[in-house]
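Engineer: Here it is, the structure, as C-alpha cells.
Protein chains: 2
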Amino acid sequence: MGWAIAIHGGAGAILESLTDSHRAAVEEALPKLTEVGAAMLKAGACALDVVEQATVALEECELFQAGRGSVLSAAGTHELEASIMDGLTGSAGAACGLRTVRNPVCLARQILERTTHVFIAGRGAEDLAKAWDLERVPNEWFTTDRRLNQLRRHLATPERSRPYPETVGAVACDMEGRVAAATSTGGTTGKLPGRIGDAPLINAGTWADERVAVSCTGIGENFVRAGTARMVAARVELLGESIEQASVACVQSMPPESGGLIAVDCHGNVSLPFTSQGMYRGWETQAGTRGIGIGAI
Amino acid sequence: MGWAIAIHGGAGAILESLTDSHRAAVEEALPKLTEVGAAMLKAGACALDVVEQATVALEECELFQAGRGSVLSAAGTHELEASIMDGLTGSAGAACGLRTVRNPVCLARQILERTTHVFIAGRGAEDLAKAWDLERVPNEWFTTDRRLNQLRRHLATPERSRPYPETVGAVACDMEGRVAAATSTGGTTGKLPGRIGDAPLINAGTWADERVAVSCTGIGENFVRAGTARMVAARVELLGESIEQASVACVQSMPPESGGLIAVDCHGNVSLPFTSQGMYRGWETQAGTRGIGIGAI
Chain S
1 MGWAIAIHGG AGAILESLTD SHRAAVEEAL PKLTEVGAAM LKAGACALDV VEQATVALEE
61 CELFQAGRGS VLSAAGTHEL EASIMDGLTG SAGAACGLRT VRNPVCLARQ ILERTTHVFI
121 AGRGAEDLAK AWDLERVPNE WFTTDRRLNQ LRRHLATPER SRPYPETVGA VACDMEGRVA
181 AATSTGGTTG KLPGRIGDAP LINAGTWADE RVAVSCTGIG ENFVRAGTAR MVAARVELLG
241 ESIEQASVAC VQSMPPESGG LIAVDCHGNV SLPFTSQGMY RGWETQAGTR GIGIGAI
Chain G
1001 MGWAIAIHGG AGAILESLTD SHRAAVEEAL PKLTEVGAAM LKAGACALDV VEQATVALEE
1061 CELFQAGRGS VLSAAGTHEL EASIMDGLTG SAGAACGLRT VRNPVCLARQ ILERTTHVFI
1121 AGRGAEDLAK AWDLERVPNE WFTTDRRLNQ LRRHLATPER SRPYPETVGA VACDMEGRVA
1181 AATSTGGTTG KLPGRIGDAP LINAGTWADE RVAVSCTGIG ENFVRAGTAR MVAARVELLG
1241 ESIEQASVAC VQSMPPESGG LIAVDCHGNV SLPFTSQGMY RGWETQAGTR GIGIGAI
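If you read the protein sequences in the order shown, they are chains S and G. Taking our numbering as reference, the numbering of the first sequence is continuous, increasing by one, and the terminal residue is 297. Taking our numbering as reference, the numbering of the second sequence is continuous, increasing by one, and the terminal residue is 1297.
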C-alpha cells in the first residue's frame, strides 16, 4: 500500500482555551508539518530519518509543546525529553532532563546510533550533545510568553489547572515497509523537577517493531502505567488485530481523557485515536488519504 | 493456591568468576533473603509491602548489585535506580540517578504513594528523599572493594569485560491474590554517567497488574528494546498462556544470554527462566515449593 506519515502536536483539553487566532495558526501549520515527512517519504527516505526530521520540525514550531514553546516546570525551567525507535532493527535512543539541547530528538537519534545504551539522563546526556556537536541553546531560549502565562495561572490556581497538550511525535512507514516512531516533549506545566513522563520511555510513549510504530500523547503517567505504545504492537502481533483495532482498544482501556496516539503499520495504514477533547494531528499516505484535525471529526 | 515469593540477585556470566567462598556466601544468603518476604506473606502482609521489604533486604546485602555493593560508573561514582508497581491498583513509582538514597526502592514506593508522577530523576528525586526523611548516605558508602576491583579491570580491558549480574528484584502474590513487583540496581560497571537501564522502567524491567508481576535482570538495554516485563503480562492476558509459558517465551525471544526474570501470578505460581549462565534466585510458595539457584538446575 506504500508510504504513510502521521504527526501529532499533543492531546488534552485543548478546545476550551483555543482562541480563533490560535486555531488559525495551528490549521496553517499542521499541513506544512505533515508535508515535511511526506516529501521525504516520496523521495525515498527511510522511516527513521523521516520521523526524526518531522519531529525536529514540530520541536521548532512554537505552537506545540516540545523544543521552543515547551511548558515550564514548577521551578520555572525547561527540562526536555525525547525518544526514537527504529522498527527495522529494534534499536532505540532516548534522553531526558535536557536543558540546553535545541532538538532533543536528534540527541535521542545519536544515542541510538553511537552508544550501546538506550536511555541517558541529565548532565550525562548534555555532555554527549556537547561532544557530538549538537546545537545547544540557553534554557530561556525555549520560553515563550504563552507558556509563562500558563505557568503563572497554574501556580496561582493549580486545582483549576487542566492538562495542556503535552507532546509532539511522528510515525512513518517508508516505501520499503519499514516503520519508525519518535516522541518529544517539554513535560507537564508545573511538574516536579526531575519528573520523567512517557515521551522518552520506549514501551510507554514510543514503540516500533517490524509491524507497527506508535507515538503517544496525553497524561504521561497513564501511558506509563498501561505500557500503551508496546501494547498496540502486542495486540497486532499476538491477536492479529488491525492497527486501528489495536490502537482504539489501547486508548479506550485507559482512564477517560488520558489522551491519544498515532500509529502506522508496515502496509501504510494509519490510526489516530484519542479520548481527550482533542489531539492536534496530521496524516498523509501514498494511498491518497490526507488530513488534519484538532477536535473530534 | 496461596501466597508466593520469588527474588533475584542478578543474571549474567556469573559462574566463571564465582569463587568457592563467594558461592558459599550466596548460598547462605539466598534462603534468608527469600524468608524475609515469605515470613511477611505468612503473617498476612500485602504484596506491595512484601516486595518493597524483600528488595530492601537485597539492597542491604553487599553480595548483590543494588544499594551497598553497587557497581561503579565510568566516572567512579554510584548512580542507583529502582521501581515498584502494585498490581492491585496499577500504580507505580520509580527513581533514577540517585547518589545518596540508601534504599532506592523505598523512594520509588514513596513516589508511588505521595505524588501524581511515576518516575523522577536525579536531583529532583534526591530532594524528595530529603523532604520525606528517607535515610541518606554519602555516595562512597555504596562502594565495596569487590566493585572497585571490577571497575579497574573493566577500565583496563573493556573489550574483555563481561556483564556482571546487574539487578535485584522481588515479586510476590499475597494471601488475597494481589501481586506486586520491585526492581533495584546500581546499573552497569563502567556505564556512561546518566545511563538509565531497565530496572527503573515500568514495562521494561518491572510490571504488575491484576494477573501477574514480573522483575527482570540482565543486559538492561535488551529488556528495554523488548518491553519484556510488560510482554509477559500481555501474553498471559491476550493469549491465556500460563506464567511459565509467557515468561519462557519472553526470555527466549531476546538475544542469547540477555538475562532472566522472575514472575508470579495471582494464583501463586512462580516462574524463574533465564538464558544467561546463571541467575541468583530464591523462591517459596504456600503450596510447598521452595528453593534457591545460581546456575542451571
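Glycine is no exception: its CB is placed at the ideal position from the N, C-alpha and C atoms. Keep in mind the model is a prediction, meaning the values are calculated, not measured.
Identify whether S/H22 lies in helix, strand or coil by the three-state DSSP scheme.
Structural biologist: As a working mapping, residue 22 of chain S is identified with position 22 in the first sequence. Helix.
Engineer: Give the interface partners of S/S91 over in chain G, defined as CB-CB distance under 8 Å, in chain order.
Structural biologist: Sequence index remark: in the first sequence, residue 91 of chain S carries index 91 (1-based). Within chain G, the residues near S/S91 are R1225.
Engineer: On the DSSP bridge list, what partners appear for G/M1279?
Structural biologist: Numbered from its first residue, the second sequence carries residue 1279 of chain G at position 279. BP columns for G/M1279 point to G/A1011.
Engineer: Write down every uninterrupted run of the alpha helix (DSSP H) in the region 38-101 of chain S whose length is 4 residues or greater and which is fully enclosed by it, in chain order.
Structural biologist: Here the runs fully enclosed are 47-60.
Engineer: Which of the three DSSP states, helix, strand or coil, is assigned to S/T185?
Structural biologist: Residue mapping note: residue 185 of chain S aligns to position 185 of the first sequence, counting from 1. DSSP places S/T185 in strand when its eight states are reduced to three.
Engineer: Between S/V118 and chain G, is the shortest Cβ-Cβ distance under 7 Å, so that the two count as touching?
Structural biologist: Here residue 118 of chain S refers to the residue found at position 118 when the first sequence is read from its first residue. Yes - at least one Cβ of chain G is within 7 Å of the one on S/V118.
Engineer: For S/W207, tell me which candidate among S/I262, S/I219, S/L192 has the shortest Cα-Cα distance.
Structural biologist: The count along the first sequence starts at 1 and reaches residue 207 of chain S at position 207. The shortest C-alpha separation from S/W207 is found at S/I262.
Engineer: Take G/N1203 as the anchor and find which of G/A1296, G/P1193, G/S1215 has the nearest alpha-carbon.
Structural biologist: Walking along the second sequence from the start, residue 1203 of chain G turns up at place 203. Closest option to G/N1203, Cα to Cα, is G/S1215.
Engineer: Let's test the definition: count the other Cβ atoms within 10 Å of the Cβ of G/M1279 and tell me whether it reaches 16, buried, or not, exposed.
Structural biologist: Locating residue 1279 of chain G in the second sequence gives position 279, counting from the first residue. By the 10 Å Cβ count, G/M1279 comes out buried.
Engineer: Using a beta-carbon distance below 7 Å, is S/A298 in contact with chain G?
Structural biologist: Nothing about residue 298 of chain S can be reported from this structure: the residues present for chain S run from 1 to 297 only.
Engineer: Going by CA-CA distance only, name the one from G/A1129, G/H1154, G/A1054 that's closest to G/I1190.
Structural biologist: Here residue 1190 of chain G refers to the residue found at position 190 when the second sequence is read from its first residue. Looking at the sequence provided, one finds Gly at residue 1190 of chain G rather than Ile. Minimum Cα distance to G/G1190 is reached at G/H1154.
Engineer: What is the residue span of the alpha helix (DSSP H) that S/F223 lies within?
Structural biologist: Sequence index remark: in the first sequence, residue 223 of chain S carries index 223 (1-based). Segment 220-226, the alpha helix (DSSP H) holding S/F223.
Engineer: Would you mind stating whether S/D86 and S/A180 have Cβ atoms separated by less than 7 Å?
Structural biologist: Residue numbering aside, residue 86 of chain S sits at position 86 when the first sequence is read from its first letter. Residue numbering aside, residue 180 of chain S sits at position 180 when the first sequence is read from its first letter. Yes, the Cβ-Cβ distance between S/D86 and S/A180 is below 7 Å.
Engineer: Strictly under 7 Å for the Cβ-Cβ distance: is S/E52 near chain G by that measure?
Structural biologist: By one-based count along the first sequence, residue 52 of chain S stands at place 52. So no, S/E52 is outside the interface.
Engineer: On the premise that S/T167 lies in contact with S/T183, defined as a C-beta separation below 8 Å, what is that separation, rounded to the nearest angstrom?
Structural biologist: Working through the first sequence from its first residue, we reach residue 183 of chain S at position 183. Working through the first sequence from its first residue, we reach residue 167 of chain S at position 167. Right, the Cβ-Cβ distance comes to about 6 Å (below 8 Å), so this counts as a contact.
Engineer: Tell me the DSSP secondary structure of S/S215 in three-state form.
Structural biologist: As a working note, residue 215 of chain S is residue 215 in the first sequence. It is a strand residue.
Engineer: Can you confirm whether the region 1060-1073 of chain G touches the region 1190-1199 of chain G when touching is taken to mean that 3 or more C-beta pairs between the two stretches lie within less than 8 Å?
Structural biologist: Cβ pair count under 8 Å is three or more, so yes.
Engineer: Are the CB atoms of G/G1093 and G/I1111 nearer to each other than 7 Å?
Structural biologist: As a working note, residue 1093 of chain G is residue 93 in the second sequence. As a working note, residue 1111 of chain G is residue 111 in the second sequence. Yes, they are a contact pair.
Engineer: Given a threshold of 16 other Cβ atoms within 10 Å of its Cβ, counted over all protein chains shown, does S/W3 qualify as buried or as exposed?
Structural biologist: Locating residue 3 of chain S in the first sequence gives position 3, counting from the first residue. Result: buried.
Engineer: So the alpha helix (DSSP H) S/G122 belongs to, where does it begin and stop?
Structural biologist: Locating residue 122 of chain S in the first sequence gives position 122, where the first residue counts as 1. It spans 122-131 - the alpha helix (DSSP H) in which S/G122 sits, taken as one unbroken run.
Engineer: What residues of chain S sit near G/A1121, judged by a beta carbon separation below 7 Å?
Structural biologist: If you number the second sequence from 1, residue 1121 of chain G lands on position 121. Going along chain S in sequence order, the residues near G/A1121 (Cβ under 7 Å) are C96, G97, A121, G122, G194, I196.
Engineer: Evaluate S/H300 with the Cβ neighbour count: other Cβ atoms within 10 Å of its Cβ, from every protein chain shown; 16 or more gives buried, anything less gives exposed.
Structural biologist: For residue 300 of chain S there is no data in the structure shown, the boundaries of chain S being 1 and 297.
Engineer: Tell me where the beta strand (DSSP E) around G/L1261 begins and ends.
Structural biologist: The residue labelled residue 1261 of chain G in the question sits at position 261 within the second sequence. Counting along the chain, the beta strand (DSSP E) containing G/L1261 begins and ends at 1259-1265.
Engineer: Can you tell me the Cα-Cα spacing of S/E81 and S/E257, whole angstroms?
Structural biologist: The residue given as residue 81 of chain S occupies position 81 in the first sequence. The residue given as residue 257 of chain S occupies position 257 in the first sequence. Rounded to whole angstroms, S/E81 to S/E257 spans 23 Å at the Cα level.
Engineer: Alpha carbon to alpha carbon, what distance is there between S/E237 and G/A1131?
Structural biologist: Against the second sequence, residue 1131 of chain G aligns to sequence position 131. Against the first sequence, residue 237 of chain S aligns to sequence position 237. Rounded to whole angstroms, G/A1131 to S/E237 spans 45 Å at the Cα level.
Engineer: So the candidates are G/T1115, G/T1144, G/L1018, G/P1273; which of them puts its Cα closest to the Cα of G/C1250?
Structural biologist: Numbered from 1 along the second sequence, position 250 holds the residue referred to as residue 1250 of chain G. Of the candidates G/T1115, G/T1144, G/L1018, G/P1273, the one whose C-alpha sits nearest the C-alpha of G/C1250 is G/P1273.
Engineer: Residues bridged to G/E1284 by DSSP?
Structural biologist: To locate residue 1284 of chain G, count along the second sequence from 1; it is residue 284. Paired residue(s): G/I1005, G/R1290.
Engineer: Hey, would you say G/T1144 sits closer than 7 Å to G/E1062, going by beta carbons?
Structural biologist: As a working note, residue 1144 of chain G is residue 144 in the second sequence. As a working note, residue 1062 of chain G is residue 62 in the second sequence. Yes, Cβ-Cβ distance for G/T1144 and G/E1062 is below 7 Å.
Engineer: Start and end of the beta strand (DSSP E) containing S/V137?
Structural biologist: For the purposes of this step, residue 137 of chain S is taken as the residue at position 137 of the first sequence. Per DSSP, S/V137 belongs to no beta strand (DSSP E) and is neither H nor E.
Engineer: So what does DSSP say about S/V118, is it helix, strand or coil?
Structural biologist: Start at 1 with the first residue of the first sequence, and residue 118 of chain S comes out as number 118. In this structure, S/V118 counts as coil in the three-state DSSP scheme.
Engineer: Distance check for G/G1259 and G/G1012, CA to CA, integer angstroms please.
Structural biologist: Counting from 1 along the second sequence, the entry for residue 1012 of chain G is found at position 12. Counting from 1 along the second sequence, the entry for residue 1259 of chain G is found at position 259. Cα to Cα, G/G1012 sits roughly 6 Å from G/G1259.
Engineer: Using DSSP bridges, identify the partner residues of G/V1179.
Structural biologist: In the second sequence, the residue the question calls residue 1179 of chain G occupies position 179. BP columns for G/V1179 point to G/C1173.
Engineer: Measuring CB to CB, does G/S1083 end up less than 7 Å from G/P1200?
Structural biologist: By one-based count along the second sequence, residue 1083 of chain G stands at place 83. By one-based count along the second sequence, residue 1200 of chain G stands at place 200. Yes; because the gap between Cβ atoms is below 7 Å, this pair is in contact.
Engineer: Hey, quick one: how far does the beta strand (DSSP E) through S/A208 stretch, first residue to last?
Structural biologist: To locate residue 208 of chain S, count along the first sequence from 1; it is residue 208. Where S/A208 is concerned, the enclosing beta strand (DSSP E) stretches over 206-208.
Engineer: Short of 8 Å in beta carbon distance, which residues of its chain neighbour S/T77, apart from the five on each side in sequence? Order them along the chain.
Structural biologist: Residue mapping note: residue 77 of chain S aligns to position 77 of the first sequence, counting from 1. These residues qualify, in order along the chain: R99, N139, P193.
Engineer: Using a beta-carbon distance below 7 Å, is G/N1203 in contact with chain S?
Structural biologist: Here residue 1203 of chain G refers to the residue found at position 203 when the second sequence is read from its first residue. Yes, G/N1203 lies at the interface with chain S (some Cβ there is under 7 Å from its Cβ).
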